[in-house]
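Chemist:
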Amino acid sequence: MNTENQVEKINRLEFLKKMGLSGASLMAVYCGVTMSSCKNEDNTTPANTGKTVTYDITTVKNGDLKNKGGFFVDTANNIVIANTSDNGYVAVTLVCTHAQNKNIVYSTNKFACTVHGATFDNTGRNLTVAPSPLTTYKVTQAGNILTVTL
Ligand code: FES
3 MNTENQVEKI NRLEFLKKMG LSGASLMAVY CGVTMSSCKN EDNTTPANTG KTVTYDITTV
63 KNGDLKNKGG FFVDTANNIV IANTSDNGYV AVTLVCTHAQ NKNIVYSTNK FACTVHGATF
123 DNTGRNLTVA PSPLTTYKVT QAGNILTVTL
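Going by my numbering, the first residue of the sequence shown is number 3, and it counts up by one from there.
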């Protein structure tokens, strides 16, 4: 994205705010102009690099991972890891494939994005809103330690 284009988008957003639009109505108008305006260019899905990240499910920080339906959001690595009822532990990117916002959570046996409501099954397959699946990562478990391989 070039700087001139970025300046144009900022000015458009400021213009809409000055028109008295706010919240959902502002985003509906702003995003309706061009979906690329809703994308956060800084959000990137971790590439399949072979890097590993470990989580001890006995720590308070990762404690929700012990229970079925629990999940943990690792913002440092852009990963969401969930304890699913049918697939065991599943790790996906935190970055939604709809508009690249980092808002994936795990709820009622599926991954979901809190921005525009995209949903994904326990394999990362897109169910609603998003045009493509979430990137998934291999998870292995040794005792209380989970290892996610990017
Ligand atoms: S960014 Fe739109 S649903 Fe996730």
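Every residue, glycine too, gets a C-beta built ideally from N, C-alpha and C.
Can you tell me whether Lys70 is buried or exposed? The criterion is at least 16 other CB atoms within 10 Å of its CB, across all chains shown.
Modeler: In the sequence shown, the residue the question calls residue 70 occupies position 68. By the neighbour-count rule (16 or more Cβ atoms within 10 Å), Lys70 is not buried but exposed.
Chemist: With DSSP collapsed to three states, give me the class of Asp58.
Modeler: Here residue 58 refers to the residue found at position 56 of the sequence shown. In this structure, Asp58 counts as strand in the three-state DSSP scheme.
Chemist: Looking at the structure shown, is Asn7 part of a helix, part of a strand, or coil, going by DSSP?
Modeler: Position 5 of the sequence shown holds residue 7. Legend: pLDDT at Asn7 = 41, less than 50; position of this residue unreliable, value from coordinates given subsequently. It is helical.
Chemist: Pop quiz: Ile182 and Ala93 are said to be a contact at Cβ under 8 Å. What is the actual Cβ separation, rounded to whole angstroms?
Modeler: Since the displayed the chain opens at 3 and closes at 152, residue 182 lies outside it and no answer follows.
Chemist: Please state the DSSP three-state secondary structure of Gly181.
Modeler: This structure gives no information on residue 181, because the portion of the chain shown stretches from 3 to 152.
Chemist: Between which residues of its own chain and Pro135 is the CB-CB distance below 8 Å, once the five residues before and five after are set aside?
Modeler: Along the sequence shown, one-based indexing puts residue 135 at 133. Hits under 8 Å: Thr99, Phe122, Thr125, Gly126, Arg127, Asn128.
Chemist: Here's a check: name, in chain order, each residue in its chain whose Cβ is nearer than 8 Å to the Cβ of Thr60, leaving out the five neighbours to either side.
Modeler: Here the question's residue 60 lines up with position 58 in the sequence shown. Hits under 8 Å: Lys68, Asn146.
Chemist: Does DSSP put Asp76 in a helix, a strand or coil?
Modeler: Numbered from 1 along the sequence shown, position 74 holds the residue referred to as residue 76. DSSP places Asp76 in strand when its eight states are reduced to three.
Chemist: So that I know if they touch, is there some Cβ in chain D lying closer than 9 Å to that of Asp66?
Modeler: No chain D appears in the structure shown, which is made up of a single protein chain.
Chemist: Any heavy atom of the ligand FES closer than 8 Å to the beta-carbon of Gly126?
Modeler: On the sequence shown, residue 126 is found 124 positions in, with the first residue counted as 1. Gly126: no, Cβ never under 8 Å from the ligand FES.
Chemist: For the ligand FES, is there a heavy atom less than 8 Å away from the beta-carbon of Val117?
Modeler: Here residue 117 is taken as the residue at index 115 of the sequence shown, counted from 1. Yes.
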